[in-house]
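Trainee: The structure follows.
Numbering (my numbering), first residue to last: 153 to 529.
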């Protein structure tokens, strides 16, 4: 998969600009606050349907304007003609999406068309950070590969939100104030969608762990062995993960309501799950050094791309947002060496890194939200 170009109008600090990309390494370089990450944000918007910075959509509109437009052209491997995705983001929080000029119903219909792996400084804490970061890592990767996963996740989160609201009401009135059928309905919905999500995550983690072991072995010359496993407080690894997970989750959600009312939220479910990361058999969050944790995080993101290729048949586009400056020379070289046969779009304040590595990169200077200069490094 190759991103050919992206065009902007009134997006962040970009008034009107089109950025073209080569098939290999593309470096968006310039001083801080010039708009490099804004371009990457626009590209990733079409992979995930939202900003990777957590920004509200109205905040992506250029100051003083009522709407922003984005248009991405990309080519799938083996296809003759490119695909166009475009978005009109409006101040009232509406967004209108199109694929090849045909209007889409929303982000869920767009997901999976264009796939990208993002690696930014926040991902360096994938191992040392909290469970929410690792769950998000799984959910984003799986949502791009399986549209049905995103649908199950959306339905689960909607039921979770409603159940938590019910728990809050029950704190003042007690569980008995609500019909038993209401509690059972939410438990059934969350068990159905949660077990589907659980099965996908479990399968993905098994494949990801094998891929990471291979990458990490190359990075450390076989000296260290990592492993990843999926961990759930409510579910087990039954022969049929969906059916076993469904019954166990339903039981957890119906047997602990009084405890959850005291706590004020739903205590069991896939929204509480985590990835256990181990290095040489030990908990990497506790025993691995900062350098080892960063290497593991790097391997997780590279493995995400490898699995995307194995499952879909082609590599996604790799987006690196100012992350190389956070890594030492060996890890920088490892990234570039492992991404030579796919498209890479990276932001950096240090273009000389790529010149010195003889990466054949296309250098795109960004200044004040405009493309100031393009040259081959």
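Each residue gets a CB set at the ideal place from its N, CA and C atoms; glycine is no exception.
With a floor of 4 residues, list each alpha helix (DSSP H) that falls wholly inside the stretch 263 to 336, ordered by position along the chain.
Mentor: 283 to 297 and 299 to 325
Trainee: Find the nearest neighbour of residue 163 within the set 407, 516, 514 and 186, judged by alpha-carbon distance.
Mentor: 186
Trainee: I think residue 516 touches residue 180, with their Cβ atoms under 8 Å apart; what is that distance to the nearest whole Å?
Mentor: 5 Å
Trainee: Which residues in the same chain have their Cβ closer than 8 Å to the Cβ of residue 444, if we skip the five residues on either side of it in sequence?
Mentor: 376, 431 and 436
Trainee: Alpha carbon to alpha carbon, how far is residue 176 from residue 340? Give it in angstroms, no decimals.
Mentor: 48 Å
Trainee: Can you list, in chain order, the residues of its chain with a C-beta nearer than 7 Å to that of residue 527? Leave out the 5 residues immediately preceding and following it.
Mentor: Leaving aside the five residues that flank residue 527 on each side, the residues in its chain whose CB is nearer than 7 Å to its CB run, in chain order, 515.
Trainee: Are the CB atoms of residue 468 and residue 166 within a distance shorter than 7 Å?
Mentor: Against a cut-off of 7 Å, the Cβ pair of residue 468 and residue 166 comes out as no contact.
Trainee: Measure the alpha-carbon distance for residue 305 versus residue 504 and round it to whole angstroms.
Mentor: 43 Å
Trainee: Are the Cβ atoms of residue 194 and residue 259 separated by less than 7 Å?
Mentor: By the CB criterion at 7 Å, residue 194 and residue 259 fall outside the cutoff.
Trainee: Which one of 296, 494 and 173 has the shortest CA to CA distance from residue 463?
Mentor: 296
Trainee: I need the straight-line Cα distance from residue 530 to residue 513, nearest angstrom please.
Mentor: Lying outside 153 to 529, the shown extent of the chain, residue 530 is not represented and no answer is given.
Trainee: Between residue 264 and residue 465, what straight-line distance do the alpha-carbon atoms span, to the nearest angstrom?
Mentor: 13 Å
Trainee: Using 7 Å as the threshold, is the C-beta distance between residue 199 and residue 212 below it?
Mentor: In this structure, residue 199 keeps its C-beta atom at 7 Å or more from the C-beta atom of residue 212.
Trainee: In three-state terms, what does DSSP make of residue 445?
Mentor: helix
Trainee: Compute the Euclidean distance between the alpha carbons of residue 299 and residue 461, then round it to the nearest angstrom.
Mentor: 16 Å
Trainee: DSSP three-state call for residue 204: helix, strand or coil?
Mentor: The answer is coil: DSSP assigns residue 204 none of H, G, I, E or B.
Trainee: Please work out which residues of its chain come closer than 6 Å, Cβ to Cβ, to residue 204, disregarding the five sequence neighbours upstream and downstream, and give them in chain order.
Mentor: 196 and 270
Trainee: Can you find the residues in the same chain that come closer than 7 Å, C-beta to C-beta, to residue 225, ignoring five residues on each side of it along the sequence?
Mentor: 156, 157, 234 and 236
Trainee: Do you know how far the Cα of residue 207 is from the Cα of residue 240?
Mentor: When rounded, the distance between both Cα atoms is 16 Å.
Trainee: Would you decide whether residue 407 is buried or exposed? Buried here means 16 or more other CB atoms lie within 10 Å of its CB.
Mentor: exposed
Trainee: Assess contact between the stretch 313 to 322 and the stretch 411 to 419, defined as three or more Cβ pairs (one per stretch) separated by less than 8 Å. Is contact present?
Mentor: yes
Trainee: Do residue 440 and residue 275 have their beta-carbon atoms positioned less than 7 Å apart in this structure?
Mentor: no
Trainee: Secondary structure at residue 210, three-state DSSP: helix, strand or coil?
Mentor: helix
Trainee: Is the CB-CB distance between residue 301 and residue 342 below 7 Å?
Mentor: no
Trainee: To the nearest whole angstrom, what separates the beta carbons of residue 229 and residue 153, a pair I think is in contact under 8 Å?
Mentor: 6 Å
Trainee: Based on Cα-Cα distance, which residue from 242, 227 and 231 lies nearest to residue 217?
Mentor: 242
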